[in-house]
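Chains as they are written, first to last, in this note's numbering: chain V, 49 to 326; chain A, 83 to 356; chain Z, 1061 to 1317.
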């Protein structure tokens, strides 16, 4: 069963002169096990959109269901793990253990069950158990973000929803988070992330939703995204597109440096072969 | 223009942040400083106009020591810093008020303050937001206002500390364009970042790790240096690709790696001429 | 996002062009007046005066509603307290409560005074740029020997400006933290002993971090907490003096009643 959004509209400051539409007529369906990227400029409605999934916001019109249930139900909240940007605003416990255990305890799991989940989540973000007794605020930004992620994973969510999870982290911090997300996806968790870091996420995304001024302006696979006009692309993909527009016979679905290298060398040897045959 | 001599600094808890740094910044130069989080690069930035003072060694700005309290105001008029988070840099309720903050501290007369606000706003092309709250602007615009707030003090040297890391790529690009333009107008620029892609246009790049200068040189040499990977820094993907291609006998000249289109153009030229 | 306390609405009316110091003095004077006027007639005059000023200012009525609304409970409370706990001629009795006629009058008087105070203050804040208000306060405080308290008027003014500028950021932070915790099953409103620390800790840590960053940015832009100029030129003009004079005359007349 998926997350389904039907004809969603959402307004801020409804019925005041400051009324602004954050989302308009949005239809979206997210299946279990997908890796979806939600792209768009600041103010396009990305953060508003994900807050609808677990009932943090309620749409002014339209309907949201998660596995057929209303998003405000407790059941849904435990199926959706949400991680926001700036982990420092989300952590408040004295130890990493308490921090990760906070979610499961809130949902009424036993001490034993909670402990099991904490260990599992800790492993998922590649921390060892010495981490558990540390003060979350003594950690680096990247580590804090991983603790926040572990806090969401401890709920064993079917859907992991993230808002700019790697913004502001340095390259190694980014890599840790991306690796964990990939692992979760491989285990069957749906990962839905708001991001503007295409370079980092592009190799992982299966489907892309692009928001513009509160409307979905593109939705499709990343291969389709590459073919779309007027969208931002990471440097490699953008270079490949340039090559294609200049008539080079390269495969459009190239996302990483390694793939690009192979592809360019393949084309090179192909051209050389043709030339020698002539 | 700025000289650091044997600068060392430790955080209050004793961990060393900078160890024996020696470097000079010439007038009109565009310097890139890279390093991962916690490498000491932001601590270094704070030393450049006396927000932090070295525990050992000294920092000289146009012959003035930043340890000399009586010179601090002059030094801060010469070297301005734009920080990472636009939100925590705003002191005013409106853009205009925010831009006035620096000149007010310099005790300029009201008329001159307004003139400087006009000029700074024209520079960032956000005149129409003069009476808006800076917090209502987008991240990119906000960072431009923060930049204008520093420009209103008319400094000779601008330090940018991770100014794009909270922005989306489009606004980041916009801010970088302005940095480049200010450099072309003769400002000295010190650009601190962990995004190596931003430093293609720098005159010189300094790599900092654990408080020491690890590498220093022209961007074409530093950005393709394999030791960056060990530091957890990812080189720009086009430069990385060019390095790989070089091993296979496809040589892309440095200046063609700056943008996807020039890169693609070069590949076509190389492949199709044969 | 709302700005809860100050709600400046730019304009070009006579009130807008007055010097902030004039308006500050006027609000203080009118406040004293409201609390010194005993008769309902006097209070009525003050309300009329307020209505007249408002029509001058061209400000919409909702500004004033917004100013009074958060205080409504408080005003009702003092009204009821006066009504029931003033000794005097008993109107009716039920149970242990004996509202008196004097109580009714006192209640009306006191709540009317508070409302007047709020309204005049709202009139000032709505017609004056907040930074001009702080600038005005700074100028008025400058002759006072605040150094004894360890501050100077410049610091005080900057502090006021900053708190106005930082309120919205604080609210945003609370919202962010709340959303993050609600997603992890925290239910707000059920148990305040549980939810308050959970909100307060990240908030305080966040605010301290923000404050550190802000302090650096301010210092970097040359702030030293000493003498600084202002982009606002404060100049008491003839109309300021005339307005103040008129107000003093008005006050004297009203107090004669």
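A virtual CB, placed ideally from N, CA and C, is assigned to each residue, including glycine.
| Query | Result |
| --- | --- |
| At a Cβ cut of 7 Å, what residues of the stretch 290 to 302 of chain V count as close to chain A, listed as they run along the chain? | 290, 291, 294, 296 |
| Let's test the definition: count the other Cβ atoms within 10 Å of the Cβ of residue 317 of chain V and tell me whether it reaches 16, buried, or not, exposed. | exposed |
| So is residue 165 of chain A in contact with chain V if we call contact Cβ pairs under 8 Å? | no |
| Is the Cβ of residue 1246 of chain Z closer than 8 Å to any Cβ of chain V? | yes |
| Any beta carbon of chain Z sitting closer than 8 Å to that of residue 137 of chain A? | no |
| For residue 1076 of chain Z and residue 1134 of chain Z, what's the separation of their Cα atoms in angstroms? | 30 Å |
| Can you give the Cα-Cα distance for residue 1301 of chain Z and residue 1074 of chain Z, rounded to whole angstroms? | 14 Å |
| For the stretch 1278 to 1306 of chain Z, list every residue whose C-beta sits within 9 Å of some C-beta in chain V, in sequence order. | none |
| Which residues does DSSP list as the beta-bridge partners of residue 68 of chain V? | V:60 |
| Can you pull the DSSP bridge partners for residue 92 of chain A? | A:98 |
| Indicate the three-state DSSP secondary structure (helix, strand or coil) for residue 211 of chain A in the structure shown. | helix |
| Return the first residue and the last residue of the beta strand (DSSP E) that residue 128 of chain V is part of. | 128 to 131 |
| Identify each residue in the stretch 185 to 207 of chain V for which the Cβ-Cβ distance to at least one residue of chain A is less than 8 Å, and report them in chain order. | 188, 189, 190 |
| Check whether the stretch 250 to 261 of chain A and the stretch 183 to 194 of chain A are in contact - that is, three or more C-beta pairs closer than 8 Å. | no |
| List, from N- to C-terminal side, the alpha helix (DSSP H) runs of 4 residues or more that fit wholly inside the stretch 1120 to 1148 of chain Z. | 1122 to 1128, 1132 to 1145 |
| Specify the secondary structure class of residue 273 of chain A as computed by DSSP and reduced to three states. | strand |
| Have a look at V:137, V:175, V:85, V:55 and flag the residue whose alpha-carbon is nearest the alpha-carbon of residue 1237 of chain Z. | V:137 |
| Would you kindly check if the distance between the Cβ of residue 51 of chain V and the Cβ of residue 131 of chain V is under 8 Å? | no |
| Output the boundary residues of the beta strand (DSSP E) element that contains residue 1199 of chain Z. | No beta strand (DSSP E) contains residue 1199 of chain Z, which is instead part of the alpha helix (DSSP H) from 1190 to 1201. |
| If the cut-off is 7 Å on Cβ atoms, which residues from the stretch 248 to 265 of chain A count as contacting chain V, listed in chain order? | 248, 250, 251, 252 |
| What residues in its chain sit with their C-beta under 6 Å from that of residue 101 of chain A, if we drop five residues either side in the sequence? | 90, 293, 294 |
| Exposed or buried, which one is residue 1233 of chain Z when buried takes at least 16 other CB atoms within 10 Å? | buried |
| Which class does residue 1075 of chain Z belong to by DSSP, given the choice of helix, strand or coil? | helix |
| Check whether the stretch 89 to 100 of chain V touches the stretch 1188 to 1205 of chain Z, taking contact to mean three or more Cβ pairs, one atom from each stretch, closer than 8 Å. | no |
| Look up residue 298 of chain A in the DSSP assignment and say whether it is helix, strand or coil. | strand |
| Determine the burial state of residue 1062 of chain Z: buried for a count of at least 16 other Cβ atoms within 10 Å of its Cβ, exposed for fewer. | Bear in mind that a pLDDT of 42 at residue 1062 of chain Z, under 50, signals an unreliable position, so the number given afterwards is only what the model happens to contain. It counts as exposed. |
| Does DSSP put residue 84 of chain A in a helix, in a strand, or in coil? | strand |
| Tell me, please, which residues DSSP counts as bridged to residue 114 of chain V. | V:51, V:117 |
| Tell me, which residues are paired with residue 147 of chain A by DSSP? | A:142 |
| According to DSSP, simplified to helix, strand and coil, what is residue 269 of chain V? | strand |
| Mapping the DSSP letters down to three states, classify residue 232 of chain A as helix, strand or coil. | helix |
| DSSP state of residue 318 of chain V, grouped into three classes? | helix |
| Between residue 151 of chain V and chain Z, is any beta-carbon pair separated by less than 8 Å? | yes |
| Counting only the same chain and skipping the five closest in sequence on each side, list residues whose C-beta sits under 8 Å from that of residue 1281 of chain Z. | none |
| Report, in whole angstroms, the separation of the C-beta atoms of residue 1244 of chain Z and residue 199 of chain V, which I expect to be a contact under 8 Å. | 6 Å |
| CA-CA distance, residue 229 of chain V and residue 239 of chain V? | 7 Å |
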